[in-house]
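Colleague: Please read through the structure below; I'll follow up with questions.
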Amino acid sequence: MKRDAFSQYHPAVNFVFFVGAIGFGVVIQHPAYAAAGCVSAALYYLLLRGRSAWKLILSMLPLAALLTLINPLFNTSGEHILFRVFGRPYTLEALYYGMAIAAIFVVMMLWFGCYNAVLTSDKFTGLFGNLIPALSLLLVMVLRMIPNFFRKMKQIIGARRSIGKGAEKSGSTKEKIGQGMTVLSALTDWALEGSVVTADSMRARGYGTARRTSFQIYRMTLRDWVLLALMVFLAAGVIVAGGVRAEFTPILSIAPLTWGFAAYCVFLSIPTALHIKEALQWRISISKI
Amino acid sequence: MKRSTVSSILTVLLLIPATLYLGTKLPGRWYYLTSTLIIIETMIPFFLAFEKRRPQARELVTIAVMAAIAAVSRAAFAFIPNFKPIVGIIMITGIAFGAEAGFLTGTVAAFASNFFFGQGPYTPWQMMAYGFGGFLAGLLFHKKRKLHQKPVLYLAVLTAFGFVGIVAVVGPLLDCCTIFTTGTQLTWAYALACFASGFPINVTHGIACGLTMLLLSKPLLDKLDRLKTKYGMMEAGTDGL
Amino acid sequence: MAHFHIQNLSFSYPNAKKESLSGVTLSVEKGEYVVLCGKSGSGKTTLLRHLKSVLTPHGKRSGQILFCGVPIDEVSKQDQASKIGFVMQNPDDQIVTDKVWHELAFGLESLGCDQKTMRLRVAEMASYFGIQGWFHRNVAELSGGQKQLLNLASIMAMQPEVLILDEPTSQLDPIAASDFLNTVRKINLELGTTILITEHRLEDIYHAADRVVVMDGGKIIANDTPRRVGEQLYAQNNEMFAALPTPVRVFYGAKAEGDCPLTVREGRNWLSKTFENRTLAAVEPDSEPAMEEVRNPALKVKEAWFRYEKDSPDVLRGVSFEVPAGSLFAVVGGNGAGKSTALKAVCGICKIYRGRVEIFGKDLKKYRSGELFQNCLAMLPQDPKSLFVKKTVREELAEMCREEDKIAQAAALCEIESLMDAHPYDLSGGEQQRAALAKVLLTQPRLLLLDEPTKGLDSFFKQKFAQILRKLRQQGMTIVMVSHDVEFCAEHADLVSMFFDGQILTTDTPHRFFGQNSFYTTAANRMSRCVFRNAVTAGDVVALYQKNREGST
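Chains as they are written, first to last, in numbering that gives the first Met the number 0: chain A, 0 to 288; chain B, 0 to 240; chain C, 0 to 552.
In structure tokens:
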């Protein structure tokens with residue numbers, strides 16, 4: 000992942016942004032809003048992932064086309080009938096509706112792509128560590144074990160291969176499944192044995208003796224509060240201004256744009272703007288040297 | 000059931016209708032957001048009960064281990080496309096430690112593995128579906144471990160449960176996510192089409208899960224029992240519900 | 000007042016016939032550095048676990064343990080958690096969370112510390128232990144040594160008064176191990192923390208200890224200063240004597256008089272003083288036959304190149320070596336040099352992209368799958384547990400082979416007959432190693448590969464393992480091992496190779512190989528090189544010492 004200015008803000012700020020962006024994105028089916036979502040999400044995703052972002056963005060296109068074309072098959076209301084499929088009308092309105100849905104789907108997937116890059120596991124647990132201490136500890140433990148178990152599984156498979164007990168690519172499916180199950184069973188044995196030590200290590204360090212607190216590596220500073228306030232203000236603007244209604248079937252009726260759309264655009268472009276601002280500042284400060 | 004559990008279930012019973020009501024008031028397409036919120040609200044009482052109980056170190060570690068094993072289990076079958084044993088392992092955990100532990104293992108396994116493979120709109124649905132698989136297994140089989148005396152029958156029942164559980168419950172729950180994220184109207188036709196297109200995938204998934212139950216339930220249950228006798232693990236937490 | 004006072008402590012596990020601890024009386028003063036040693040199963044771990052209530056095993060117990068004058072059961076759990084630190088053997092399993100910073104804070108979080116104190120303590124520990132550089136990392140990215148250091152730091156963050164360490168370095172490579180032990184020593188000297196430690200690797204800590212306590216069969220058989228303990232063990236002809244540092248063994252082995260040397264430096268001074276201004280009758284051990292041109296090698300690797308991923312750096316960079324049939328061939332070298340990868344390349348798990356591997360004269364690629372691992376080649380992995388998939392040792396062996404007599408034969412050779420019905424995970428480290436070896440041997444290999452076979456073994460298990468290897472070679476087996484264990488290779492190998500930077504640099508007989516090195520060599524060689532040449536084992540030095548003493552008197 001590239002260095003990103005918005006990711007440097009407090010996880011709560013990141014989280015509120017994504018709740019807003021994904022929440023609005025999923026609910027509002029106004030085409031202008033959906034288009035704004037598509038553009039800003041794609042832009043930010045590109046800034047975060049660089050060249051590898053195209054893989055997700057391009058893979059969205061056929062999916063979007065599919066969603067668009069399929070919708071009229073199920074939603075048959077609308078005035079302009081393009082043609083008939085098995086006697087059922089295939090309407091222009093439903094096609095438009097399909098397009099909007101496809102755009103919403105793309106927006107959602109792209110924002111989730113950004114979410115995955117920005118809200119890493121430690122930010123998530125940092126956010127909810129105080130609220131749900133036991134669960135977030137459980138999550139952190141699982142996250143610690145997963146790479147460990149992957150490594151051990153590789154070792155077990157390697158060890159078995161070097162005594163001639165490995166699954167071969169050419170073997171039968173039955174053999175492969177049997178080998179896989181043996182590996183899982185061996186891994187479980189090893190993991191459970193280790194878990195006894197882990198539990199001892201937790202108790203030896205006082206787990207269960209007092210009400211747990213949670214070490215906060217992230218701190219809310221002034222700039223976090225400012226950005227958070229701005230975001231809340233803009234989101235409230237979108238809600239208050241209204242004008243997001245869009246009906247596609249049976250009759251196409253789309254509400255005219257209000258200043259709420261402007262608020263929405265500003266809201267969505269916050270991470271991108273911060274990213275670009277930092278990049279420019281850096282350029283300028285380097286060129287001065 | 001403890002009083003705290005009852006009260007948290009009551010709260011949720013109020014929360015869900017409220018969400019539904021508010022959802023219909025929203026101007027746009029409310030189904031995805033509302034359904035996802037309801038899914039999350041359904042999970043809350045389980046989570047709260049777990050928090051209230053202040054789980055012991057050993058219970059925490061054992062659930063973590065089983066969730067992590069479930070999350071990595073797919074990699075043991077790298078040579079077989081689409082072989083997903085994850086829910087099978089979650090179900091076995093439910094059988095060993097009860098419905099609540101099964102639910103927790105499922106939700107945590109789904110959530111944690113998505114940190115490696117990417118979170119998405121499907122995350123809450125996956126958590127719910129996997130958790131429910133573990134919950135059902137625990138509910139049906141946890142107290143009935145005596146069936147061990149007829150091992151062949153027991154294994155046959157578990158295998159069938161693994162298959163049916165995926166095809167009838169876990170799979171359709173996952174398909175619901177598709178319905179809500181991609182549909183423009185909530186019609187039975189569209190829902191049926193989604194279920195139908197998901198059916199072959201669910202059958203493959205179900206076969207993998209059934210096979211996991213058939214081949215792994217006995218060894219894994221034996222291992223967990225051995226640990227219980229060797230270290231006295233999970234004894235206090237077994238009947239958490 | 001004593002920090003710990005243990006009075007007449009006896010303990011037995013449920014269903015055990017024998018007491019694990021019988022009548023142990025021991026006190027540990029504040030600020031002391033006490034080394035506890037004994038064979039595997041002598042009760043060291045059981046004793047240490049009694050010093051912290053949450054870790055104390057279930058069973059029948061009598062006697063008393065006082066912590067700062069208070070019976071340990073009456074000390075609150077919170078006090079015990081913070082004041083008594085306990086570091087265990089396995090670096091991986093002790094870690095709970097996924098981030099370094101979180102692990103450092105784990106104990107403080109459990110004790111319910113407030114943010115301000117936590118911040119300060121965590122920062123302090125990260126600075127003291129030099130962790131700042133990897134503070135934000137994932138735990139999964141750390142090396143074994145870093146993980147164990149993290150475990151130590153996260154315990155020190157609670158500011159314990161006593162630090163108990165149960166074989167903390169047995170899973171580490173020698174360099175990481177001595178770094179770790181130096182840190183422990185530093186904590187003792189700079190902070191005055193009381194240290195109670197058990198270790199296999201006595202060379203690194205024996206001389207620094209204030210007191211050495213030796214256990215055998217659940218009893219304390221010696222409890223004195225390091226020098227006096229050496230003397231007592233020698234006088235009792237105790238088995239533990241073989242585990243003492245080389246200078247001590249040489250001194251008593253040579254029946255010398257005066258003050259016993261504890262370190263290489265003292266040993267060197269003692270030898271130079273003894274043989275000052277004397278012409279020596281013999282300066283070199285009986286010479287070995289020089290390395291011959293290898294004919295019909297069991298294994299021949301030529302210019303092998305390998306890397307794990309397309310864009311990753313090469314791990315093997317033109318490895319070439321030949322292993323004569325019937326020999327024990329050892330490859331030594333630092334951590335991460337690619338030694339284990341070389342073994343994997345030999346058995347085809349890692350596929351080399353250039354070069355050639357010949358096994359018994361036939362190209363590796365020409366072996367059909369299945370053919371290679373039947374009566375031909377097998378590898379014992381670094382962690383023997385990787386091979387265990389069944390509920391009993393007997394079933395493990397039966398997975399490999401149906402024939403009862405072959406199983407019995409392998410079990411007898413590896414001395415695991417009495418363990419056949421045990422669960423593999425209930426065995427001790429050395430027993431697991433032998434059970435895994437028996438499993439590997441059932442493929443009837445003619446070429447056996449061993450990856451770090453002595454890791455985590457104490458000196459007795461090492462001796463036993465060496466005996467088994469000797470028997471295998473008498474049956475004509477060729478053995479290739481990679482190891483950090485310089486002492487073991489010097490004593491038992493026929494040929495030793497140095498692996499560095501993806502290549503094999505030199506190969507020679509152990510005497511010539513280690514004789515030429517001045518850092519990467521055995522303690523015996525380092526202490527004797529001022530007077531003798533190419534003496535690499537304690538036995539060599541003792542023999543030369545006696546030869547020259549006889550010659551001069």
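Beta carbons are placed, not taken as given, at the ideal position from N, Cα and C, and that holds for glycine. This one's a predicted model, so the numbers in the text were calculated from it and none came from an experiment.
Could you tell me the alpha carbon to alpha carbon distance between A:G205 and C:E108, rounded to whole angstroms?
Modeller: In the first sequence, the residue the question calls residue 205 of chain A occupies position 206. In the third sequence, the residue the question calls residue 108 of chain C occupies position 109. Rounded to the nearest angstrom, the two C-alpha atoms are 9 Å apart.
Colleague: Using three-state DSSP, classify A:P88 as helix, strand or coil.
Modeller: To locate residue 88 of chain A, count along the first sequence from 1; it is residue 89. Strand.
Colleague: Quick one: grab the DSSP three-state call for C:H2.
Modeller: In the third sequence, counting from the first residue as 1, residue 2 of chain C sits at position 3. The three-state secondary structure of C:H2, taken from DSSP, is strand.
Colleague: When Cβ atoms are compared, which residues of the stretch 211-231 of chain A fall closer than 8 Å to chain C?
Modeller: R211, T212, S213, F214, Q215, I216
Colleague: First and last residue of the alpha helix (DSSP H) that includes C:A175?
Modeller: Position 176 of the third sequence holds residue 175 of chain C. Start and end: 173-190.
Colleague: Does the stretch 212-224 of chain B come close enough to the stretch 87-97 of chain B that 3 or more CB-CB pairs lie under 8 Å?
Modeller: Yes, the stretch 87-97 of chain B is in contact with the stretch 212-224 of chain B.
Colleague: Can you name the residues of chain C whose CB is closer than 8 Å to the CB of B:D221?
Modeller: As a working mapping, residue 221 of chain B is identified with position 222 in the second sequence. By Cβ distance, chain C contributes K390.
Colleague: Within the 9 Å Cβ cut-off, does B:K51 reach chain C?
Modeller: On the second sequence, position 52 is the one that residue 51 of chain B refers to. Taking Cβ atoms only, chain C never reaches closer than 9 Å to B:K51, which makes this a no.
Colleague: Could you check if C:Y553 is buried or exposed, using at least 16 other CB atoms within 10 Å of its CB as the buried criterion?
Modeller: This structure leaves residue 553 of chain C out entirely; chain C is present only between 0 and 552.
Colleague: My guess is that A:G125 and A:Q215 are in contact by the Cβ rule of under 8 Å, so how many angstroms apart are they, rounded?
Modeller: Within the first sequence, residue 125 of chain A is the residue found at index 126, counting from 1. Within the first sequence, residue 215 of chain A is the residue found at index 216, counting from 1. With 8 Å as the limit, A:G125 and A:Q215 qualify as a contact, their Cβ atoms being about 6 Å apart.
Colleague: Count the other C-beta atoms from every protein chain shown that fall within 10 angstroms of the C-beta of B:I38, then say buried if there are 16 or more, exposed otherwise.
Modeller: Residue numbering aside, residue 38 of chain B sits at position 39 when the second sequence is read from its first letter. B:I38 should be labelled buried.
Colleague: Could you name the residues of chain A that C:W133 contacts, counting a contact when the two beta carbons are closer than 9 Å?
Modeller: As a position in the third sequence, residue 133 of chain C is number 134, starting the count at 1. What C:W133 touches in chain A: nothing, since even the nearest Cβ is about 14 Å away.
Colleague: First and last residue of the alpha helix (DSSP H) that includes A:V196?
Modeller: As a position in the first sequence, residue 196 of chain A is number 197, starting the count at 1. From DSSP, the alpha helix (DSSP H) with A:V196 extends over 172-203.
Colleague: Could you list which residues in chain C have their beta carbon closer than 7 Å to that of A:Y206, in chain order?
Modeller: Sequence index remark: in the first sequence, residue 206 of chain A carries index 207 (1-based). Within 7 Å Cβ-Cβ: S109.
Colleague: So B:F46 and A:L118 are supposed to be a Cβ contact under 8 Å. How far apart are they, rounded?
Modeller: Locating residue 46 of chain B in the second sequence gives position 47, counting from the first residue. Locating residue 118 of chain A in the first sequence gives position 119, counting from the first residue. Actually they are not in contact, since the Cβ atoms of B:F46 and A:L118 sit about 19 Å apart, beyond 8 Å.
Colleague: Contact check, C:I5 vs C:I64 under 8 Å by CB: the rounded distance?
Modeller: Numbered from 1 along the third sequence, position 6 holds the residue referred to as residue 5 of chain C. Numbered from 1 along the third sequence, position 65 holds the residue referred to as residue 64 of chain C. 5 Å between Cβ atoms; contact.
Colleague: Helix, strand or coil: which one does DSSP assign to C:C375?
Modeller: Numbered from its first residue, the third sequence carries residue 375 of chain C at position 376. DSSP places C:C375 in coil when its eight states are reduced to three.
Colleague: For C:L436 versus C:I478, is the C-beta distance shorter than 9 Å?
Modeller: As a working note, residue 436 of chain C is residue 437 in the third sequence. As a working note, residue 478 of chain C is residue 479 in the third sequence. No, Cβ-Cβ distance for C:L436 and C:I478 is not below 9 Å.
Colleague: Any C-beta of chain A sitting closer than 9 Å to the C-beta of C:Y424?
Modeller: Counting from one through the third sequence, the residue named residue 424 of chain C turns up at place 425. For C:Y424, the answer is yes, since a Cβ of chain A falls inside 9 Å of its Cβ.
Colleague: Is the beta carbon of A:Y89 less than 9 Å from the beta carbon of A:L72?
Modeller: The sequence position of residue 89 of chain A within the first sequence is 90, counting from 1. The sequence position of residue 72 of chain A within the first sequence is 73, counting from 1. Yes, the Cβ-Cβ distance between A:Y89 and A:L72 is below 9 Å.
Colleague: Restricting to Cα atoms, I'd like to know which of B:I178, B:M65, B:K51 is closest to A:M144.
Modeller: Position 145 of the first sequence, counted from the first residue, corresponds to residue 144 of chain A. For A:M144, the nearest C-alpha among the options comes from B:M65.
Colleague: Name the two residues that bound the continuous beta strand (DSSP E) containing C:Q63.
Modeller: Counted from its first residue, the third sequence places residue 63 of chain C at position 64. Residues 59-66.
Colleague: Give the secondary structure of B:Q55 by DSSP, where H, G and I count as helix, E and B as strand, and everything else as coil.
Modeller: By one-based count along the second sequence, residue 55 of chain B stands at place 56. The answer is coil: DSSP assigns B:Q55 none of H, G, I, E or B.
Colleague: Suppose the cutoff is 7 Å on Cβ atoms and the five residues either side in sequence are ignored; what does the same chain contact list for A:A40 look like?
Modeller: Against the first sequence, residue 40 of chain A aligns to sequence position 41. Taken in chain order, the residues that qualify are V106, L109, W110, C113.
Colleague: Which stretch, first to last residue, makes up the beta strand (DSSP E) that contains C:L162?
Modeller: By one-based count along the third sequence, residue 162 of chain C stands at place 163. That run of the beta strand (DSSP E) goes 161-165.
Colleague: So, helix, strand or coil for C:N268, using DSSP?
Modeller: In the third sequence, residue 268 of chain C corresponds to position 269, counting from 1. Reduced to three states, the DSSP call for C:N268 is helix.
Colleague: Between B:M0 and the rest of its own chain, which residues show a CB-CB distance below 6 Å, the 5 nearest in sequence each way excluded?
Modeller: Along the second sequence, read from residue 1 onward, the residue named residue 0 of chain B stands at position 1. Note that B:M0 scores 48 on pLDDT, short of 50, meaning its location in the model is unreliable and no value can be drawn from it.
Colleague: State the DSSP-derived secondary structure class of C:E394, mapped to helix, strand or coil.
Modeller: As a working mapping, residue 394 of chain C is identified with position 395 in the third sequence. DSSP places C:E394 in the helix class (H, G or I) of the three-state scheme.
Colleague: On a Cα-Cα basis, can you pick out the residue from C:I406, C:K59, C:L8 that is closest to C:A15?
Modeller: Taking the first residue of the third sequence as position 1, residue 15 of chain C is located at position 16. Closest option to C:A15, Cα to Cα, is C:K59.
Colleague: Using a beta-carbon distance below 9 Å, is B:V71 in contact with chain A?
Modeller: Within the second sequence, the letter at position 72 stands for residue 71 of chain B. Flagged as an interface residue toward chain A: B:V71, by a C-beta distance shorter than 9 Å.
Colleague: Taking buried to mean at least 16 other C-beta atoms within 10 Å of its own C-beta, is C:Q93 buried or exposed?
Modeller: Position 94 of the third sequence holds residue 93 of chain C. The residue in question, C:Q93, is buried, as its Cβ has 16 or more Cβ neighbours within 10 Å.
Colleague: Would you list, in chain order, the members of the stretch 170-201 of chain A that have their beta-carbon closer than 7 Å to a beta-carbon of chain B?
Modeller: T172, K175, I176, G179, M180, V182, L183, S184, L186, T187, D188, A190, L191, S194, V195, T197, A198, M201
Colleague: One question on the structure: do A:H29 and A:V243 come within less than 9 Å of each other, judged by their Cβ atoms?
Modeller: The residue you call residue 29 of chain A lines up with position 30 of the first sequence. The residue you call residue 243 of chain A lines up with position 244 of the first sequence. Yes, Cβ-Cβ distance for A:H29 and A:V243 is below 9 Å.
Colleague: Using only CA atoms, which one of C:N150, C:D165, C:L110, C:L103 lies nearest to C:H135?
Modeller: The residue given as residue 135 of chain C occupies position 136 in the third sequence. Comparing Cα-Cα distances from C:H135 to each of C:N150, C:D165, C:L110, C:L103, the minimum goes to C:L103.
Colleague: Using a cut-off of 8 Å between C-beta atoms, extract the partners of B:F115 located in chain A.
Modeller: Locating residue 115 of chain B in the second sequence gives position 116, counting from the first residue. Neighbours of B:F115 on chain A, chain order: I145.
Colleague: Taking the alpha-carbon positions, what's the C:L171 to C:G144 distance?
Modeller: Position 172 of the third sequence holds residue 171 of chain C. Position 145 of the third sequence holds residue 144 of chain C. Computed Cα separation, rounded: 6 Å.
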